[in-house]
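Read through the structure below, which is laid out as structure tokens, and then see the notes.
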Amino acid sequence: KSGCRSSPAQASGVPAVAELGGLPRAYVRALVRIFKAKEQLADSIHEMLAPQEVPVSGQDDAEKIFLLVLELTNPEQRESALLELSKRRETFVDLAPILWHSFGTISALLQEIVAIYPLLSPPSLTAQASNRVCNALALLQCVASHPETRTLFLNAHIPLFLYPFLNTVSKTRPFEYLRLTSLGVIGALVKIDDADVINFLLSTEIIPLCLRIMETGSELSKTVATFIVQKILLDETGLAYICATAERFYAVSTVLGNLVGTLVEQPSARLLKHIVRCYLRLSDNPRAREALRQCLPDVLRDATFSACLKDDVTTKRWLTQLLFNITEASAHAVS
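Sequential numbering of the sequence shown, starting at 3, is according to our numbering.
Now the structure itself:
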């Protein structure tokens, strides 16, 4: 009857047994199983296509990041936003693309950098101003190190905004922190082997700036600057550039030699490692290898740094190879 309630089987789309007439029971049971399987498959597809819920904590973090990035464009909120974002840059992996593609964000960071220029000469940079601009530099380092934004960062020539900071000579803590953080941005660029990065740095005369810091900076600044020179040397174009003229080679080798001299009194295994690697790479060039026979510091030829390198197998191997290379060059010269 039309007024009768439908059975559960009918409601679900599964035929009632009575509707199947005189069919064998096994056949009827098989049909019922088929219909139920179709329903389960449809439910599974529906669950797969349904939008996935973002965990509340992750969603809150993302919303907070977007809010902080927006606050960068507000001069009144920028300082606190810089501090918070610099703290979170290591934990939020997609911060760099958000910073780069958000309207006005990179311009705001560059405004922070340019605002410091008047404080460079005469040197009047305060600790608070140094901390604030270094937070902006930390965000730029995040952009420089991310694979999606590194090339964009380089093509925009943003590293050039940092060169005035690298050119400072004041030894006060605010200036030292400023140079070190700026070096960190350049270090992030060279960390990944990229010929475009090396070509850009060579064309913008980064080497003289690094050499000055290698001579006058703190131990940590010297280490980062030497690492940058090392990465440039490891590139074929970089090695050819430095060895192209006697002036360039001796500028680099003289600073390296002076650095080695300072390590005799105050050893630093980390800095010595980068110095030895620079010398070893220079020895790959025939003309430089010949020159190193004369200008390689004697303290690298004897046991002066044995204690410093006692646990550093890699650097000891590099030093052995370096001494072999220049000895071999000497033997060829004699023959």
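Cβ atoms here follow ideal geometry from the backbone N, Cα and C, with glycine treated the same way. Computed from a predicted model, the values in this text were never measured in an experiment.
- Excluding residues up to 5 positions away in sequence, T225 lie with their Cβ nearer than 8 Å to the Cβ of R272 in the same chain.
- Just measuring C-alpha positions, the residue of A248, K318, A305, K312 sitting nearest N287 is A248.
- For H103, the enclosing alpha helix (DSSP H) stretches over residues 97 to 103.
- L302 is not a Cβ neighbour of V266, given a cutoff of 8 Å.
- In this structure, V187 places its C-beta atom within 8 Å of the C-beta atom of Q143.
- In this structure, the CA atom of N260 is about 22 Å from the CA atom of K312.
- Inter-residue distance for S308 and D300 is about 13 Å (C-alpha atoms, whole angstroms).
- In the structure shown, K66 adopts helical secondary structure according to DSSP, grouped into three states.
- Per DSSP, the continuous alpha helix (DSSP H) segment holding N133 begins and ends at 129 to 147.
- For I118, the CB contacts under 6 Å within the same chain, skipping 5 residues up- and downstream, are V135 in chain order.
- Cβ atoms of I115 and A138 come within 8 Å of each other, at about 6 Å.
- Under the 8 Å Cβ criterion, the stretch 176 to 187 does not count as touching the stretch 201 to 210, having fewer than three qualifying pairs.
- Within its own chain, the residues whose Cβ lies closer than 7 Å to the Cβ of A227, once the five positions on either side in sequence are excluded, are L185, C212, I215, M216, G219, listed in chain order.
- Looking at the backbone, the Cα of R289 and that of E73 are separated by about 55 Å.
- Where N157 is concerned, the enclosing alpha helix (DSSP H) starts and stops at 152 to 157.
- Approximately 12 Å separates the beta-carbon atoms of A197 and T153; this is outside 8 Å, ruling out the contact.
- Take D314, set aside five residues on each side of it, and the residues of its chain with a beta-carbon closer than 7 Å to its own are A271, K275, in chain order.
- Taking E150 as the centre and dropping the five residues before and after it, the same chain places the C-beta of P99 closer than 6 Å to its C-beta, in chain order.
- By the neighbour-count criterion, in which a residue is buried when 16 or more other Cβ atoms sit within 10 angstroms of its Cβ, G189 is buried.
- In this structure, L182 sits near S223, with a CB-CB distance shorter than 8 Å.
- Annotation: T264 to E221 spans about 10 Å, alpha carbon to alpha carbon.
- L235 places its beta carbon less than 8 Å from that of C280.
- Annotation for A140: S88 place their beta carbon closer than 6 Å to its own, counting only its chain and skipping 5 residues before and after.
- Within the model, the alpha-carbon separation for E65 versus L164 is close to 31 Å.
- A distance of 8 Å or more separates the beta carbons of A146 and L111.
- C297 carries a helical assignment under DSSP once its states are collapsed to helix, strand and coil.
- Residue environment for T170: buried (at least 16 other C-beta atoms within 10 angstroms of its C-beta).
- Your pair V199 and L156 checks out as a contact, with CB atoms roughly 6 Å apart and the cut at 8 Å.
- Annotated three-state conformation of T322 is helix, per DSSP.
- Judged by their CB atoms, L294 and I277 are not nearer to each other than the 8 Å cut-off.
- Annotation: R291 to V231 spans about 18 Å, alpha carbon to alpha carbon.
- K173 sits in coil when the DSSP states are folded into three classes, being neither helix nor strand.
- Shown here, A83 sits in a helix according to DSSP, grouped into three states.
- DSSP places C212 in the uninterrupted alpha helix (DSSP H) bounded by 208 to 218.
- About 4 Å separates the Cβ atoms of P125 and S172, confirming a contact at the 8 Å cut-off.
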